[in-house]
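J.:
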Amino acid sequence: YPNLPTKRQTVFKSANTGPYANINLIQPGNFLYYINHSYKNLEHSAIFIDWLDYDNKQALMLSYAGENRHKPARYFPYDLSSVFRIIRAQN
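For the record, in the sequence shown the residue sitting at position 90 is 91 according to this note's numbering, with numbers rising by one throughout.
1. Tell me, please, which residues DSSP counts as bridged to residue 46.
2. Check this for me: beta carbons of residue 60 and residue 79, under 8 Å apart or not?
3. Under the three-state reduction of DSSP, which class applies to residue 24: helix, strand or coil?
4. Look at residue 16 and residue 33 and say whether their C-beta atoms are less than 8 Å apart.
5. If we count Cβ pairs, one from each stretch, closer than 8 Å, do we get three or more for the stretch 7-24 versus the stretch 79-91?
6. At what residues does the beta strand (DSSP E) containing residue 80 begin and finish?
7. Could you check the C-alpha separation between residue 12 and residue 26 for me, to the nearest Å?
8. Going straight from the alpha carbon of residue 82 to that of residue 58, what length do you get?
Encoded structure:
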């Protein structure tokens, strides 16, 4: 898939300090930037798969752990209460 700006739509964009996105904007396949509350409250990004617990903003994400780890991306639950950017692929 070509990585071209014309093939992406920024659905929501804010600072990492907020305001944060309404979770109703999030769709499967969206690339999200959010605060990783389970790991030092650092910025993180991953692909949204589905909600595990919508009311508590817990989602299954496809995520690369980062920090130059030599491991593949993994499916992992994350708290999406602090999403500050949503990017969606376009045809």
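Heads up, the beta-carbon is just placed ideally off N, CA and C, and yes, glycines get one too.
T.: Looking at the coordinates:
1. In the DSSP output, where bridge partners are listed per residue, residue 46 has 34.
2. Closer than 8 Å, so yes.
3. In the three-state reduction of the DSSP assignment, residue 24 falls in the helix class.
4. A distance of 8 Å or more separates the beta carbons of residue 16 and residue 33.
5. They touch, by the three-pair rule.
6. Per DSSP, the continuous beta strand (DSSP E) segment holding residue 80 begins and ends at 75-80.
7. One Cα belongs to residue 12, the other to residue 26, and the distance between them is close to 8 Å.
8. Residue 82 and residue 58 have their C-alpha atoms some 6 Å from each other.
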